[in-house]
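*Asks:* If you read the protein sequences in the order shown, they are chains A and B.
For the first sequence, the numbering used here assigns the number 21 to the initial residue and increments by one for each residue that follows.
For the second sequence, the numbering used here assigns the number 21 to the initial residue and increments by one for each residue that follows.
Glycine residues also receive a C-beta, built at the ideal position from the N, C-alpha and C atoms.
Given the structure is predicted, the values throughout are model-derived calculations rather than measurements.
Before anything else, here's the structure in question.
2 protein chains.
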Amino acid sequence: MTQPRRGRPPRQRADATLATVAGSGIEARRRAAMEEGGVAYLARRQEIIQVAANVFRERGHEATLRDVAESLGTERASIYYYIGSKEELLQEIVREALERDMIAARHIKGSTQSTPAKIRALIESMVLSYAENYPHMNVYVEDLGRIARQDSQWAVEVIEETRQYEALVRSILLEGQEDGTLRSDVAIGVSAMALFGMINWMYRWYRPSYPTPPAEIAHTLAEIFLGGYALGPAGSAP
Amino acid sequence: MTQPRRGRPPRQRADATLATVAGSGIEARRRAAMEEGGVAYLARRQEIIQVAANVFRERGHEATLRDVAESLGTERASIYYYIGSKEELLQEIVREALERDMIAARHIKGSTQSTPAKIRALIESMVLSYAENYPHMNVYVEDLGRIARQDSQWAVEVIEETRQYEALVRSILLEGQEDGTLRSDVAIGVSAMALFGMINWMYRWYRPSYPTPPAEIAHTLAEIFLGGYALGPAGSAP
DNA sequence: TTTGTTGTCAACTCCTGTGTTGAAAGATCT
DNA sequence: AGATCTTTCAACACAGGAGTTGACAACAAA
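What follows is the structure, given as structure tokens:
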């Protein structure tokens with residue numbers, strides 16, 4: 021999985037534009053098709069990523085390119101016409117999961133609502149994104165640990181983005197403590213982690229077939245995080 | 021990792037009690053030492069499990085028995101004198117993480133405190149166990165997904181136990197809704213998952229070096245779950 | 001000192017997965 | 001039809017990890 025280049029190295033073509041190239045040189049053909057950016061090509065590529073996301077969600081890390089191919093009803097080798105490596109497949113899945121969330125979060129942070137309303141909006145945005153981007157989001161969360169241990173440039177970027185997201189949420193909580201709309205008797209760091217935990221843990225239990233609709237899940241989580249579960253004074257001991 | 025038995029199968033001894041056995045037959049020697057249950061032997065075994073837990077927490081699933089051996093300052097083969105397989109190592113780690121929690125939870129459920137107090141106690145118990153059983157607990161949580169996909173008897177048991185734990189928590193929440201100490205306008209299933217999420221997500225951020233002490237982490241989580249984060253009426257819309 | 005046990009180690013074997021090759025067959029477009 | 005794109009198939013080359021073996025040292029008991 022991490023091994024850079026195996027097998028006999030692909031023969032070097034002196035001139036890449038020459039027509040009839042000996043050998044299959046799948047890497048070159050992929051690169052070419054990729055650069056070209058044909059609609060059908062990209063669509064098929066997308067389809068592969070989508071199916072792979074499902075397979076990875078089901079089988080986790082034991083999932084094999086053979087499994088993906090099987091799920092696609094095609095051959096392992098064919099995949100390599102669209103994707104350079106298993107790792108690249110993972111990366112595409114994660115990229116798709118990640119891209120939309122940051123934008124939404126920044127937007128919310130910059131808005132003029134009250135802080136609790138911002139948090140409510142944030143929870144809603146995250147939960148809905150979770151449901152929409154299923155199974156990409158699940159793969160992303162389940163893989164976070166492994167990604168954090170890598171040191172490829174891509175991994176570093178993903179972790180940095182994740183970190184930024186967390187920082188953004190912490191900054192909203194701080195804002196609330198300062199303007200007096202949030203309690204300031206509890207640690208911000210732990211609170212932020214509690215919030216992320218509530219939401220990210222969805223990767224363990226949320227499936228599209230889950231009876232409670234995403235909007236209601238979001239509502240419940242927001243109610244608990246902001247309003248608490250206890251009735252009356254039982255909840256808050258100073 | 022899942023492959024049952026590889027390499028040349030160990031020679032069968034006609035009589036296992038015969039003294040001078042040809043070959044090392046490490047499996048037999050392990051079994052014998054295990055049955056004997058010598059103190060030093062078990063202690064060394066424990067040490068291996070402990071070190072392995074640390075390695076697995078750090079490197080996750082990519083961790084190799086070579087890594088464990090290295091961390092132990094010994095040779096890969098030596099480990100097999102104490103443990104039959106990598107999987108067995110994982111299982112021991114998880115077993116240790118799991119055993120104590122259920123007892124505590126049952127105890128709490130059966131106690132006479134108010135429901136919110138029970139929840140508070142439960143959170144405390146889980147968080148403290150998390151901190152104490154580090155890194156076993158982390159390995160357990162990070163591995164839950166993989167375990168759930170297995171079908172060995174052991175895996176089934178672990179998942180069943182986890183399920184029971186969740187059911188127990190749900191039953192406490194229900195109790196609270198019925199006796200009027202908890203809100204009943206939010207779904208119990210999602211609430212329970214929110215609670216587990218807050219706590220289990222610790223595997224992503226909690227380290228023994230974390231500045232906030234475990235008792236305070238527990239307090240914060242309990243405050244949020246029971247009392248909510250918002251001040252005033254902002255939190256609860258209908 | 002001899003003997004038996006306990007633990008260690010280097011050197012295998014076997015297996016599985018990834019990425020690759022060549023050539024050839026369908027598709028599709030021009 | 002001819003050219004070009006897409007897919008298939010049956011190999012193969014590593015790489016790397018798990019588990020095993022057979023001998024050997026250290027150490028205690030005899």
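Using a Cβ cut-off of 8 Å, pull out every chain A residue sitting near residue 240 of chain B, in sequence order please.
*Replies:* 206, 207, 210, 211, 214
*Asks:* Inspect the beta-carbon positions of residue 178 of chain A and residue 75 of chain A and report whether they are closer than 8 Å.
*Replies:* no
*Asks:* Can you tell me whether DSSP reads residue 249 of chain B as helix, strand or coil?
*Replies:* coil
*Asks:* Residue 225 of chain B versus chain A: which residues are under 7 Å apart at the beta carbon?
*Replies:* 213
*Asks:* Going by DSSP, which residues form a beta bridge with residue 202 of chain A?
*Replies:* B:250
*Asks:* Does the Cβ-Cβ distance between residue 216 of chain A and residue 221 of chain B come in under 8 Å?
*Replies:* Taking 8 Å as the Cβ cut-off, residue 216 of chain A and residue 221 of chain B qualify as a contacting pair.
*Asks:* Hey, is the segment 120-134 of chain A in contact with the segment 77-84 of chain A, meaning 3+ C-beta pairs nearer than 8 Å?
*Replies:* no
*Asks:* 8 Å is my cut-off, CB to CB: does residue 245 of chain B come that close to chain A?
*Replies:* yes
*Asks:* Can you give me the Cβ contacts of residue 190 of chain B inside the same chain, cut-off strictly under 6 Å, excluding the 5 residues immediately before and after it?
*Replies:* 208, 212, listed in sequence order.
*Asks:* Could you check which residue in A:196, A:103, A:145 has the C-alpha nearest to that of residue 246 of chain A?
*Replies:* A:196
*Asks:* Please classify residue 151 of chain A: is it buried, with 16 or more other beta-carbons within 10 angstroms of its beta-carbon, or exposed?
*Replies:* buried
*Asks:* With 8 Å set as the bound, which would you pick, yes or no: does the beta-carbon of residue 220 of chain B sit closer than that to a beta-carbon of chain A?
*Replies:* yes
*Asks:* Check each residue of the segment 154-173 of chain B: if its Cβ is closer than 8 Å to any Cβ of chain A, include it; give the result in chain order.
*Replies:* 162, 164, 165, 166, 169
*Asks:* Whole-angstrom Cβ separation of residue 50 of chain B and residue 100 of chain B, contact assumed at under 8 Å?
*Replies:* Sure, about 7 Å apart at Cβ, within 8 Å.
*Asks:* On a CA-only basis, which of A:251, A:241, A:249, A:54 is nearest residue 143 of chain A? Give me that one, please.
*Replies:* A:241
*Asks:* Under 7 Å, CB to CB, which of the residues in the segment 73-91 of chain A have a partner in chain B?
*Replies:* 79, 80, 81
*Asks:* Return no unless some Cβ of chain B is closer than 8 Å to the Cβ of residue 201 of chain A.
*Replies:* yes
*Asks:* Closer than 8 Å, CB to CB, is residue 232 of chain B near chain A or not?
*Replies:* yes
*Asks:* If you measure from the beta carbon of residue 217 of chain A to each beta carbon in chain B, is any gap under 8 Å?
*Replies:* yes
*Asks:* Taking only beta-carbon atoms, is residue 237 of chain A less than 8 Å away from chain B?
*Replies:* yes
*Asks:* Roughly how far, in whole angstroms, is the beta-carbon of residue 234 of chain B from the beta-carbon of residue 118 of chain B, given that I think they are within contact range, below 8 Å?
*Replies:* Contact flag wrong, Cβ pair sits at about 19 Å.
*Asks:* Using the three-state DSSP reduction, which class does residue 63 of chain B fall into: helix, strand or coil?
*Replies:* helix
*Asks:* Determine the direct distance from the alpha carbon of residue 198 of chain B to that of residue 122 of chain B, and round the result to whole angstroms.
*Replies:* 24 Å
*Asks:* Can you tell me where the alpha helix (DSSP H) with residue 225 of chain A in it begins and where it stops?
*Replies:* 222-225
*Asks:* Would you report the Cα separation of residue 187 of chain A and residue 145 of chain B, rounded to the nearest angstrom?
*Replies:* Cα to Cα, the separation comes out at about 29 Å.
*Asks:* Give a yes or no on whether 8 Å exceeds the smallest Cβ distance from residue 23 of chain A to chain B.
*Replies:* Note that residue 23 of chain A scores 35 on pLDDT, short of 50, meaning its location in the model is unreliable; the coordinates nonetheless yield the value given after this. Not one chain B Cβ lies under 8 Å of residue 23 of chain A.
*Asks:* As an exercise, report each continuous alpha helix (DSSP H) stretch of at least 4 residues that is fully enclosed by the segment 54-121 of chain A, in chain order.
*Replies:* 59-79, 85-92, 96-99
*Asks:* Nearest to residue 138 of chain B by CA position, among B:54, B:202, B:64, is which residue?
*Replies:* B:202
*Asks:* Verify whether the separation of the beta carbon atoms of residue 171 of chain B and residue 110 of chain B is less than 8 Å.
*Replies:* no
*Asks:* Of the residues B:55, B:56, B:86, B:52, which one's Cα is nearest the Cα of residue 68 of chain B?
*Replies:* B:86
*Asks:* On the CB-based measure, 16 or more other CB atoms within 10 Å of its CB, does residue 42 of chain A come out buried or exposed?
*Replies:* Unreliable placement is indicated for residue 42 of chain A, whose pLDDT of 45 sits below 50; the coordinate value is still reported in the next sentence. By the neighbour-count rule (16 or more Cβ atoms within 10 Å), residue 42 of chain A is not buried but exposed.
*Asks:* Which word fits residue 77 of chain A, buried or exposed, when buried means at least 16 other C-beta atoms lie within 10 angstroms of its C-beta?
*Replies:* buried
*Asks:* Have a look at residue 70 of chain A and residue 239 of chain A and give me their C-alpha separation to the nearest angstrom.
*Replies:* 29 Å
*Asks:* Could you give the C-beta distance for residue 88 of chain B and residue 244 of chain A, rounded to a whole number, given that I count them as a contact under 8 Å?
*Replies:* The Cβ separation is near 40 Å, so there is no contact.
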